[in-house]
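Undergrad:
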Amino acid sequence: MKKIGIAGNHAIHPNPKFGSNYVNYIQKNYTAAMTEAGALVMILPISSPDLAADYIASVDALVLAGGQDVTPDYYGEEPTPAIGEIDRSRDAFEFALLAEAIRAGKPVLGICRGAQVINVGLGGTLYQDLATQYGQLAVKHDQYPTKWSTPTHRLVWQRDSWLTPVVPAEAWVNSFHHQAVKELAPSLTLDATSSDGVVEAFSDEARRIYAVQWHPEMLRMTDDAVQAVFDAFVAKIE
Ligand SMILES: [Mn+2]
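All residue numbers for the sequence shown refer to full-length UniProt numbering, where the first residue is 1 and numbers rise by one.
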């Protein structure tokens with residue numbers, strides 16, 4: 001079976017539900033989507049970056065999931081007042097995993113924060129907060145409290161890409177982000193934006209690096225056709 005490592009998140013406050021222990025976790029939607037696509041899923045717990053090479057050697061592909069804001073000093077900025085939670089240990093581990101996956105020539109899929117990690121890891125920058133930094137903002141990109149599986153904004157396709165066969169041209173997507181790509185890294189190509197120009201998908205087909213700003217793993221809870229995104233990624237794995 002094709003083995004996918006998904007980088008996990010962690011609870012940084014003790015939680016009485018777990019006997020007040022700290023907890024490694026990943027949302028089940030991601031693992032369910034990849035399992036349904038036929039992959040063997042392994043959750044990679046936030047660890048020392050020194051272990052990234054061994055973790056990547058044990059899998060055939062890497063998935064970077066949603067979560068905290070990327071620490072802005074990775075792209076040369078200090079935090080603006082509107083930035084959300086950052087987690088340096090997660091950043092350091094995921095940037096190391098990304099570098100090792102690329103070095104090893106293994107496919108990478110980034111979703112939401114994962115897309116932002118890919119862009120910053122390859123030399124791009126982010127808007128730390130769209131509402132205070134993106135002048136053309138005309139779409140609600142953080143749809144909370146609308147439920148996760150509800151599509152709320154449309155896409156504007158920029159070219160044919162790996163998504164063309166699996167996401168209908170007229171499809172709408174969900175949106176749970178207040179950060180977004182500002183300058184796309186030089187090696188990446190834009191696949192789709194929102195109608196107000198926010199980067200929603202990009203890729204590097206030659207290196208099999210794929211990224212979406214929306215959450216297909218949540219959309220597929222109510223739209224079976226969205227599973228095709230994960231099927232297409234798994235099909236890219238050797
Ligand atoms: Mn959006």
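Beta carbons are placed, not taken as given, at the ideal position from N, Cα and C, and that holds for glycine.
(1) Which residues in the same chain as Ala52 place their Cβ atom closer than 6 Å to its Cβ, once the five residues preceding and following it in sequence are excluded?
(2) Beta-carbon separation of Thr189 and Val156 under 8 Å?
(3) Work out the CA separation of Gln179 and Gln68 for me, nearest whole Å.
(4) Which residue from Thr150, Ile102, Asn24, Leu130 puts its Cα closest to that of Leu122?
(5) Following the continuous alpha helix (DSSP H) through Gly114, name the residue where it begins and the one where it ends.
(6) Measuring alpha carbon to alpha carbon, tell me which residue in Gly5, Val63, Val117, Asn174 is nearest Met218.
(7) Report buried or exposed for Phe233, applying the criterion of at least 16 other Cβ atoms within 10 angstroms of its Cβ.
(8) Checking 8 Å against the spacing of the C-beta atoms, do Val166 and His153 come in under that value?
(9) Using the Cβ count rule (16 or more neighbours within 10 Å means buried), how would you classify Ala33?
(10) Cβ of residue 239 within 7 Å of any heavy atom in ligand 1?
(11) Kindly indicate which three-state DSSP category Asn29 falls into: helix, strand or coil?
(12) Tell me which residue opens and which closes the beta strand (DSSP E) that Asp204 is part of.
(13) Which partner residues of Val156 appear in the DSSP bridge assignment?
(14) Just reading off the alpha helix (DSSP H) that Tyr55 is part of, what are its end residues?
(15) Within 10 angstroms of the Cβ of Asp91, are there 16 or more other Cβ atoms? Answer buried if so, exposed if not.
TA: Taking the definition as stated:
(1) Start at 1 with the first residue of the sequence shown, and residue 52 comes out as number 52. Closer than 6 Å at the Cβ level, and outside the excluded window around Ala52, lie Ala96, Leu97, Glu100.
(2) Taking the first residue of the sequence shown as position 1, residue 189 is located at position 189. Taking the first residue of the sequence shown as position 1, residue 156 is located at position 156. No; because the gap between Cβ atoms is not below 8 Å, this pair is not in contact.
(3) The residue given as residue 68 occupies position 68 in the sequence shown. The residue given as residue 179 occupies position 179 in the sequence shown. Distance between the alpha carbons of Gln68 and Gln179 is about 10 Å.
(4) Taking the first residue of the sequence shown as position 1, residue 122 is located at position 122. Checking every option, the nearest Cα to that of Leu122 belongs to Ile102.
(5) One-based indexing of the sequence shown puts residue 114 at position 114. Unbroken alpha helix (DSSP H) run through Gly114: 113-121.
(6) Taking the first residue of the sequence shown as position 1, residue 218 is located at position 218. Selected option, being the one with the closest Cα: Asn174.
(7) By one-based count along the sequence shown, residue 233 stands at place 233. Classification of Phe233: buried, given that the 10 Å Cβ count is 16 or more.
(8) Looking up residue 166 in the sequence shown gives position 166. Looking up residue 153 in the sequence shown gives position 153. Not a contact, by the Cβ cut-off of 8 Å.
(9) Indexing the sequence shown from 1 puts residue 33 at position 33. Ala33 comes out buried.
(10) Within the shown structure, residues of the chain are numbered from 1 to 238, placing residue 239 beyond reach of any answer.
(11) Indexing the sequence shown from 1 puts residue 29 at position 29. It is helical.
(12) Translated into positions along the sequence shown, residue 204 becomes position 204. Run containing Asp204: 199-204, per the beta strand (DSSP E) assignment.
(13) Taking the sequence shown and counting its residues from 1, one reaches residue 156 at position 156. Paired residue(s): Thr193.
(14) The residue you call residue 55 lines up with position 55 of the sequence shown. From DSSP, the alpha helix (DSSP H) with Tyr55 extends over 52-57.
(15) As a first step, residue 91 is located in the sequence shown; it is residue number 91 there, counting from the start. It is buried - the Cβ of Asp91 has at least 16 other Cβ atoms within 10 Å.
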